[in-house]
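Here is the structure we will look at, set down as structure tokens.
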Amino acid sequence: MGKSFDFTLIWVYLPKLLSFLHVTLFIVVASVALGILIGLVTALPRLYKIPVLNRMVIIYISYTRGTPILIQMFLVYYGLPELLKAVHIDVTDVQPLVFVVITYALHFAAYFSEIVRAAVNAVDRGQAEAGYSIGMGNYDVLTRIVLPQAWQVALPNVANLIIGTLKDTSLAYTLGVMDVVGRAEMLGTTYHFLEIWIALSIIYYTIVLIFEYSYRRLERRLSKYEKHVAAIN
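Counting from 1, one number per residue, gives the positions in the sequence shown under UniProt numbering.
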């Protein structure tokens, strides 16, 4: 049973939670960065229909989409050390934070891979063929024609995926990671649960608002650039 609600305690708990915000942000940044790299690699077999690899990527994406991230986190935390033992690699001293980042990176990569594939396929094939017709190679066509346009298509979905990753990090505390939610759990011993969770919601909501504002500014700048290029052409 919690204690009587005290509105002023929200502002007391806010700085206590914010002191652990850097851990949450580190998880997000590290997971997104690693997830983008993995996602780009796993998108290639889907785009080029590489036998065997294509099927393996499909299974990986389907499994990631079809299971809760909490289960994935425990599978990585308990399963990865067991797999590495088979090749005589001991990771018992590795911090839980590393397993959390790996889990979220793999989760992010599965969705990011599909976003990239859909965005690339959305680009008119005629433009790529026009590039080939003037002597451009595969790399030039990909980097100068396809990817710039695919990025415009993918950007809104990537932004939503990053926001989703931020909110999903609230489960990291289940492995003992002391982020803002882990700190909130510890503060729960004061029995002022409502004040603590309101303070926590303010932190998450503020971060999302800042990110959404940054995304809108980026989107407007890209839109202006497109109009400028179109005017020149």
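Even glycine gets a Cβ: it sits at the ideal position worked out from N, Cα and C.
Just so we're clear, the structure is a prediction, and the values are computed from it rather than from any experiment.
Boundaries of the alpha helix (DSSP H) in which residue i is found, first to last residue
i	result
residue 68	Neither: residue 68 is in no alpha helix (DSSP H) and is coded neither H nor E.
residue 131	125-133
residue 144	Looking at the DSSP string, residue 144 is not in any alpha helix (DSSP H), and its letter there is neither H nor E.
residue 103	96-122
Backbone CA spacing between residue i and residue j [nearest angstrom]
i	j	result
residue 193	residue 11	14 Å
residue 102	residue 148	28 Å
residue 82	residue 179	26 Å
residue 112	residue 203	26 Å
residue 198	residue 221	35 Å
residue 187	residue 45	47 Å
residue 62	residue 116	16 Å
residue 16	residue 209	21 Å
residue 94	residue 77	10 Å
residue 152	residue 56	28 Å
residue 88	residue 114	34 Å
residue 36	residue 26	15 Å
residue 189	residue 196	11 Å
residue 14	residue 211	20 Å
residue 176	residue 182	7 Å
residue 184	residue 205	16 Å
residue 136	residue 41	23 Å
Test item: CB-CB of residue i and residue j under 9 Å
i	j	result
residue 165	residue 99	no
residue 155	residue 218	yes
residue 97	residue 23	yes
residue 104	residue 4	no
residue 106	residue 64	yes
residue 74	residue 169	no
residue 157	residue 119	yes
Simplified DSSP assignment, three categories, for residue i
i	result
residue 19	coil
residue 191	coil
residue 88	coil
residue 3	coil
residue 206	helix
residue 49	coil
residue 93	coil
residue 182	helix
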